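Letter 244 of the sequence shown, counting from 1, is numbered 240 in my numbering, and no numbers are missing. By construction, the Cβ of each residue, glycine as well, lies at the ideal position given by its N, Cα and C atoms. Computed from a predicted structure; not experimentally measured. Report on the structure given below.
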Amino acid sequence: MAAGYLDILRARHAARLLTGTLVGRLPNGTAHIAIVLFTRAEGGSYTLAGALAAAYGLATAVGQPLLGRAVDLYGQPRVQFPAAVLSALGMALFAVAGLGSLPLAYAAVVLAGVATPPLEGGLRALWPTVLKREDRVHRAYALDAVAQEIMFTVGPLLVTLLVSLWSPAAALLVINAIGVLGALSVVLSEPSRTWRSAPREAHWLGALRSPGLLALLGAFFFVGLALGSITVAGVAYADDHGRESVYGWLMAALGLGALIGGLGYGARQWSGEPEKRLRVIVALLALGYLPLMLTPSVPAMTALAALAGVFLAPAIACSFIVVDRHAPRGTVTEAFSWLVTTFGVGAAVGTAAAGPAVELGSTAWSFAVAGAGGVAALAVLLATGRVLRGAPVPPAPAAQVVAGSENDRNGAVEPGFSTGRKA
């Protein structure tokens, strides 16, 4: 297992791109907790803190696909780095101005959100160029999913450390400065500078004109909903057991399960259509969420949380392959950005739904939201099996394709595999 991942990281530019992307995404991965801590430190209510965090999240959901489309049209450096700087300036304005003017505070977090660079989608567009072989790219997708779990664990810890050492305002400024440096590292790399999207058909829907991609987005809206509801349900479970540390154990177990599942998934070379494999993985993911409704003792619940996390990273990694197969020609970054957006919106809806479920029913009801989300995701994949069956666009004529020259599934390496092209 380790040898396969080391092979990826030893590839030229791979470690730099993965590290730079994760560092560049730190502001986005930690924004919600940083906004809440800063707002509370400034004397704002939890309601205001939640509203500001929600405004940031919604702005990010709007900005990601728009900036992803801009990357496909104009290249990575011309979009990613200016967006990172603009996003950081928005957060800096929020940190300096505080809550003295609420319209200004909202405008600042909205600017920071809408300008968040689509580094996540950009990295997945670069992997074929850097790694060249389909099996290595698929393993990199799994490594990418695992690295996200690590970032979402380490990032909040870094914010709380900066808050304890300095202040919430300093945490906002430092995290976003680090994010700019991460984006700069990515866009200065040779693969980012030379990458160009394949020629695209002019269409106002962009990537969304693909029925297969729409089906996948519909399913992952519900996967996001399930994951978002667990964050609230976990708090309710910890309250029931009278210990705040219980929540940390549950979230750590969930992350550990995802880490193990992602590493195991990426260590194997898979055959067959990824669309079929994704249905099986999501079915197992749903089965993992359903037992959480039992809300047993803390040790048993921690074990169930770890089990529930096992199939999350494989589902995400497999979804990357499906996106690559169904994204219309020349829209790969935008398509990946839509997946990020849909997942995030689903998580926000799940968070909102789990709260009333606790108040109207019980903690078990809030975990039922997660189970329902997993089942709904599977139902979407099953109902849309026809449009998800295989890559929908035939390969380009041989005369128009040079091996390794296209950054979409019409490239010439293998069916359904993107290769990227140099400028």
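Assignment of Trp191 by DSSP, reduced to helix, strand and coil, places it in the strand class.
Sequence-distant partners of Gln72 (beyond 5 residues in either direction) whose C-beta falls short of 7 Å from its own C-beta, in its chain, are Gly118, Val183, Ser188 and Trp191. Relative to Thr56, the option among Ala45, Ala30 and Gly25 whose CA is nearest is Gly25. Under the criterion of beta carbons closer than 8 Å, Leu286 and Gly367 qualify as touching, at roughly 4 Å. A Cβ-Cβ distance of about 10 Å is found for the pair Val155 and Ile31, leaving them out of contact under the 8 Å criterion. Below 8 Å, enough C-beta pairs join the stretch 275 to 284 and the stretch 305 to 313 to call them touching: three or more. A straight-line Cα-Cα distance of about 15 Å links Arg132 and Pro270. Collapsing the DSSP output to three states places Val306 in coil. Separation of Val341 and Val67 (C-alpha to C-alpha, rounded to the nearest whole angstrom) is 22 Å.
Rounded to the nearest whole angstrom, the CA to CA distance from Val106 to Cys314 is 31 Å.
Put simply, the backbone Cα of Leu259 is about 15 Å away from that of Ile277. Each of Ala375, Tyr52 and Leu213 was checked against the Cα of Leu280, and the nearest Cα belongs to Ala375. Under the rule that a run must span 4 or more residues, the alpha helix (DSSP H) segments found entirely inside the stretch 27 to 75 read 42 to 70. Going by C-alpha positions, Ser41 is about 13 Å away from Leu98. The Cβ atoms of Ala350 and Ser362 lie closer than 7 Å to each other. Under the three-state reduction of DSSP, Gly25 is assigned to helix. Across the set Ala7, Leu69, Ile312 and Leu22, the C-alpha of Ala7 shows the shortest separation from the C-alpha of Arg129. For Tyr137 and Val58, the gap between their C-alpha atoms comes out near 24 Å. Between the stretch 250 to 268 and the stretch 325 to 332 there are fewer than three inter-stretch CB-CB distances shorter than 8 Å, so the stretches are not counted as touching. Membership of Ser160 in the alpha helix (DSSP H) is indicated by the continuous run Glu130 to Leu161. One alpha carbon belongs to Leu63, the other to Ala11, and they sit about 24 Å apart. Around Glu145, the same chain offers Gly251, Ala254 and Leu255 as residues with beta carbons nearer than 6 Å, after the five sequence neighbours per side are excluded. In the three-state reduction of the DSSP assignment, Ser225 falls in the helix class, which pools H, G and I. Straight-line spacing of the CA atoms in Leu169 and Ser225 works out to 30 Å. Leaving aside the five residues that flank Ala301 on each side, the residues in its chain whose CB is nearer than 6 Å to its CB run, in chain order, Leu246, Ala249 and Leu250. A straight line joining the alpha-carbon of Leu377 with that of Ala364 spans about 20 Å.
Of the other Cβ atoms in all chains shown, 16 or more fall within 10 Å of the Cβ of Thr125; this residue is therefore buried. DSSP places Trp266 outside both helix and strand once states are collapsed to three, so it counts as coil. Here the alpha carbons of Thr149 and Leu335 stand approximately 21 Å from one another. Taking all protein chains shown into account, Tyr70 has fewer than 16 neighbouring C-beta atoms within 10 Å of its C-beta and is therefore exposed.
Following the DSSP letters along the chain, one finds Leu168 inside the alpha helix (DSSP H) bounded by residues Pro164 to Val183. Note that the C-beta distance between Gln76 and Ala141 is not below 7 Å. When DSSP states are grouped into helix, strand and coil, Thr329 belongs to the helix group. Nearest to Arg120 by alpha-carbon distance, out of Val319, Met297, Phe218 and Ala372, is Val319.
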